[in-house]
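Worksheet for the structure shown next.
2 protein chains.
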Amino acid sequence: MESVESYVRRYDLDSLLSADLVEALRPRTFGPGELIARAGDPSTSLLFLVEGRAKAYSRLENGMSVLASFFRPFDVLGEVELFGAERYTLSVEAIEASACLALPTALVKKAALRNGRFLAYLCGRLGSKLADRIVAESINLRYPVENRLASFLLASMDDEGRVLGTDDLGELADFIGASYRQLARVVRRFRAEGIMESTRGRIRVLDARRLEPLARDLYQRSGGSGKLIL
Amino acid sequence: MESVESYVRRYDLDSLLSADLVEALRPRTFGPGELIARAGDPSTSLLFLVEGRAKAYSRLENGMSVLASFFRPFDVLGEVELFGAERYTLSVEAIEASACLALPTALVKKAALRNGRFLAYLCGRLGSKLADRIVAESINLRYPVENRLASFLLASMDDEGRVLGTDDLGELADFIGASYRQLARVVRRFRAEGIMESTRGRIRVLDARRLEPLARDLYQRSGGSGKLIL
DNA sequence: TAGGCGATAGGACGGATGTCCTATCCGCGC
DNA sequence: GCGCGGATAGGACATCCGTCCTATCGCCTA
Numbered sequence: 506m507e508s509v510e511s512y513v514r515r516y517d518l519d520s521l522l523s524a525d526l527v528e529a530l531r532p533r534t535f536g537p538g539e540l541i542a543r544a545g546d547p548s549t550s551l552l553f554l555v556e557g558r559a560k561a562y563s564r565l566e567n568g569m570s571v572l573a574s575f576f577r578p579f580d581v582l583g584e585v586e587l588f589g590a591e592r593y594t595l596s597v598e599a600i601e602a603s604a605c606l607a608l609p610t611a612l613v614k615k616a617a618l619r620n621g622r623f624l625a626y627l628c629g630r631l632g633s634k635l636a637d638r639i640v641a642e643s644i645n646l647r648y649p650v651e652n653r654l655a656s657f658l659l660a661s662m663d664d665e666g667r668v669l670g671t672d673d674l675g676e677l678a679d680f681i682g683a684s685y686r687q688l689a690r691v692v693r694r695f696r697a698e699g700i701m702e703s704t705r706g707r708i709r710v711l712d713a714r715r716l717e718p719l720a721r722d723l724y725q726r727s728g729g730s731g732k733l734i735l
Numbered sequence: 506m507e508s509v510e511s512y513v514r515r516y517d518l519d520s521l522l523s524a525d526l527v528e529a530l531r532p533r534t535f536g537p538g539e540l541i542a543r544a545g546d547p548s549t550s551l552l553f554l555v556e557g558r559a560k561a562y563s564r565l566e567n568g569m570s571v572l573a574s575f576f577r578p579f580d581v582l583g584e585v586e587l588f589g590a591e592r593y594t595l596s597v598e599a600i601e602a603s604a605c606l607a608l609p610t611a612l613v614k615k616a617a618l619r620n621g622r623f624l625a626y627l628c629g630r631l632g633s634k635l636a637d638r639i640v641a642e643s644i645n646l647r648y649p650v651e652n653r654l655a656s657f658l659l660a661s662m663d664d665e666g667r668v669l670g671t672d673d674l675g676e677l678a679d680f681i682g683a684s685y686r687q688l689a690r691v692v693r694r695f696r697a698e699g700i701m702e703s704t705r706g707r708i709r710v711l712d713a714r715r716l717e718p719l720a721r722d723l724y725q726r727s728g729g730s731g732k733l734i735l
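Residue numbers (our numbering), protein chains in the order written: chain A, 506 to 735; chain B, 506 to 735.
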């Protein structure tokens with residue numbers, strides 16, 4: 506964990522936030538597995554993730570959980586609740602040791618009205634998150650697990666085939682909305698075909714080209730950046 | 506279709522938009538089935554739906570479509586694409602004869618930076634849409650059609666049991682992410698149990714209390730308003 | 001009235017997926 | 001080294017669900 510100033514510099518928060526807001530940033534650190542936000546709790550601050558890795562999920566009445574997204578620096582948490590809902594929609598949990606810069610909601614709201622740049626940034630971010638959700642939802646809803654897995658792998662792997670979001674098959678199952686069992690069946694097939702390998706705690710794509718025909722729908726890679734576009 | 510001024514007055518657009526933006530509003534009308542926006546087309550304007558009814562959907566490569574949401578006045582279309590994506594994510598189609606007030610994207614962007622109130626409004630709207638999507642997605646992903654249908658009916662019916670979004674079983678199937686066939690099976694069961702009735706072109710909930718145990722998860726009714734809350 | 005068409009209804013069948021249950025494997029602490 | 005717990009692997013079986021196919025119904029048009 507570095508100093509607040511160093512993060513502000515690295516992520517150019519100066520250009521996003523007014524001086525008084527930068528001044529109000531407070532560092533918070535979280536250990537692996539620790540809750541950064543709990544669904545249903547009042548949302549008191551906007552968080553900038555500057556270190557580590559986290560995941561957002563909800564837990565349903567029947568005990569199952571749905572993994573909505575993964576975060577890594579630089580990312581913003583709590584934007585959804587900033588205007589409107591005053592309680593967190595999802596729980597956010599640190600996967601690794603992580604650090605955030607926290608900004609009290611009340612401050613942000615007050616300052617935001619005269620800082621169009623920051624609001625526009627938030628709007629853009631919310632817009633693309635919403636678009637991403639819609640795409641992911643469509644895929645989850647309309648394709649069998651085989652295709653969902655292919656889409657996820659293509660979208661989240663780096664140039665060497667390492668998967669960015671998670672290396673845990675259980676988490677992955679939650680993310681693509683399948684049972685562990687069913688995911689395992691598909692993984693086995695992919696592995697038998699030399700498309701991927703998954704050893705304890707590591708998932709790796711070996712032959713991305715074989716995945717493409719399976720994932721040819723809405724997910725697309727934007728010039729090797731690994732970002733989701735529509 | 507009434508005059509632009511009358512809509513501006515009815516929905517209090519004055520308080521949201523600056524005078525020059527109100528000035529720039531242009532009326533556009535659409536017949537039933539007409540496309541208000543086509544997925545993939547460049548997004549050139551922000552649209553305020555002031556009359557009629559519309560639905561947003563995407564069409565997948567395999568020919569299936571996913572219905573993302575229904576709109577009725579007053580609603581905003583195209584906010585998602587305003588900052589960031591420059592192409593529409595979803596297609597929007599008028600269900601009935603509808604009217605919109607259109608505002609050129611370029612104008613909005615320029616004006617927005619100095620109109621914090623409007624941006625804050627957009628952020629709030631995007632936030633709650635995102636939260637709603639996440640809830641709906643979780644349900645669609647993790648519960649069988651029976652529960653999804655129950656959730657949808659409870660969330661979208663008015664006080665007399667009329668369903669607001671659609672009366673078309675085909676559309677409903679797309680919305681909750683099921684095949685027409687499977688939806689029909691569940692509808693039959695619900696009908697046999699006296700929970701609902703569905704005659705040609707009309708769906709009606711007869712016994713909402715029997716639906717509640719089936720839909721007891723995240724969807725909740727907020728004091729009879731029929732709005733989705735978390 | 002006949003014909004056509006879209007919406008509804010439902011039978012039959014197979015594939016996808018979930019649940020339940022056992023092994024197996026590996027890293028870790030004792 | 002031993003035992004333990006979490007992650008992984010996979011068999012067995014039931015169910016959910018989708019596809020394919022027919023039939024019926026109501027409305028509209030010729």
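Cβ atoms here follow ideal geometry from the backbone N, Cα and C, with glycine treated the same way.
If you reduce the DSSP assignment to three classes, tell me which class residue i lands in.
{"i": "B/ASP525", "result": "helix"}
{"i": "B/ILE541", "result": "strand"}
{"i": "B/ARG715", "result": "helix"}
{"i": "A/ILE639", "result": "helix"}
{"i": "B/PHE535", "result": "strand"}
{"i": "B/GLU665", "result": "coil"}
{"i": "A/SER684", "result": "coil"}
{"i": "A/SER508", "result": "coil"}
{"i": "A/SER730", "result": "Residue placement at A/SER730 is flagged as unreliable, the pLDDT there being 30, under the threshold of 50; a coordinate-derived value is accordingly withheld."}
{"i": "B/SER548", "result": "coil"}
{"i": "A/ASP517", "result": "coil"}
{"i": "B/ARG693", "result": "helix"}
{"i": "B/THR644", "result": "Checking the sequence, you will find Ile at residue 644 of chain B rather than Thr. Here B/ILE644 sits in helix by DSSP."}
{"i": "B/ARG619", "result": "coil"}
{"i": "A/GLU702", "result": "strand"}
{"i": "A/LEU735", "result": "With a pLDDT of only 30 at A/LEU735, under the threshold of 50, the placement of this residue in the model should not be trusted, and no figure is reported."}
{"i": "A/LEU530", "result": "coil"}
{"i": "A/ASP673", "result": "coil"}
On a Cα-Cα basis, can you pick out the residue from the options that is closest to residue i?
{"i": "A/PHE695", "options": "A/ALA683, A/ARG709, A/VAL509, A/TYR685", "result": "A/ARG709"}
{"i": "A/MET569", "options": "A/GLU702, A/GLY682, A/ILE700", "result": "A/GLY682"}
{"i": "B/GLY536", "options": "B/LEU554, B/SER603, B/PHE579, B/LEU572", "result": "B/SER603"}
{"i": "B/ARG705", "options": "B/ARG715, B/GLU556, B/ALA607, B/LEU674", "result": "B/LEU674"}
{"i": "A/VAL585", "options": "B/LEU635, B/GLY557, B/LEU608", "result": "B/LEU635"}
{"i": "A/LEU618", "options": "A/ARG630, A/ARG715, A/LEU587", "result": "A/LEU587"}
{"i": "A/GLU507", "options": "A/ALA529, A/ARG533, A/ARG690", "result": "A/ARG533"}
{"i": "B/GLU651", "options": "B/VAL597, B/LEU716, B/GLU510, B/LEU572", "result": "B/LEU716"}
{"i": "B/ASP637", "options": "B/LEU719, B/PHE575, B/ALA713, B/ARG514", "result": "B/PHE575"}
{"i": "A/GLN687", "options": "A/GLU698, A/ARG653, A/PRO718", "result": "A/ARG653"}
{"i": "B/VAL640", "options": "B/TYR516, B/LEU526, B/ALA720", "result": "B/ALA720"}
{"i": "B/VAL555", "options": "B/ALA561, B/ALA573, B/LEU606, B/THR610", "result": "B/LEU606"}
{"i": "A/SER668", "options": "A/TYR685, A/ALA713, A/GLY629, A/LEU530", "result": "Residue 668 of chain A is actually Val in this sequence, not Ser. The shortest C-alpha separation from A/VAL668 is found at A/ALA713."}
{"i": "B/MET701", "options": "B/ALA678, B/PHE680, B/SER684, B/LEU659", "result": "B/LEU659"}
{"i": "A/ALA616", "options": "A/VAL527, A/LEU582, A/GLU510", "result": "A/VAL527"}
{"i": "B/GLY699", "options": "B/GLU676, B/GLY666, B/ASP672, B/THR671", "result": "B/GLY666"}
{"i": "B/GLY589", "options": "B/LYS614, B/PRO718, B/GLY557", "result": "B/LYS614"}
Per DSSP, which residues does residue i bridge with? Please list them.
{"i": "B/PHE553", "result": "B/VAL581, B/LEU606"}
{"i": "B/LYS560", "result": "B/PHE575, B/GLU598"}
{"i": "A/SER570", "result": "A/ARG564"}
{"i": "B/VAL710", "result": "B/MET701"}
{"i": "A/ARG592", "result": "A/PRO547"}
Kindly list, in the order they appear in chain A, the residues whose Cβ is closer than 9 Å to that of residue i.
{"i": "B/ARG762", "result": "The structure shown does not extend to residue 762 of chain B, since chain B spans only 506 to 735, so no value can be given for it."}
{"i": "B/LEU674", "result": "Ordered by position in chain A, no residue passes the 9 Å Cβ test against B/LEU674, which lies about 17 Å from the chain."}
{"i": "B/ALA573", "result": "ILE639, GLU642, SER643"}
In chain A, which residues lie less than 8 Å from residue i when you measure between Cβ atoms?
{"i": "B/VAL597", "result": "The contacting residues do not exist; B/VAL597 stays about 13 Å from chain A at best."}
{"i": "B/GLY682", "result": "LEU646, ARG647"}
Who are the neighbours of residue i on chain A, taking C-beta pairs under 7 Å?
{"i": "B/MET569", "result": "ARG647"}
{"i": "B/GLU651", "result": "Neighbours of B/GLU651 on chain A: none; closest Cβ ~13 Å, over 7 Å."}
For a contact meaning CB atoms closer than 7 Å, what does residue i contact in chain B?
{"i": "A/PHE588", "result": "ALA625, CYS628, GLY629, GLY632"}
{"i": "A/VAL585", "result": "GLY632, LEU635, ALA636"}
Handout entry: the segment 511-526 of chain B touching the segment 617-633 of chain B, judged by at least three CB pairs closer than 8 Å
Key = These segments touch.
Exercise for the section: Kindly confirm or deny that the segment 533-548 of chain A and the segment 645-653 of chain A touch, where touching means at least three C-beta pairs closer than 8 Å. Expected result: no
Exercise for the section: Taking 8 Å as the threshold, find out whether the segment 545-556 of chain B comes into contact with the segment 589-596 of chain B through three or more Cβ pairs. Expected result: yes
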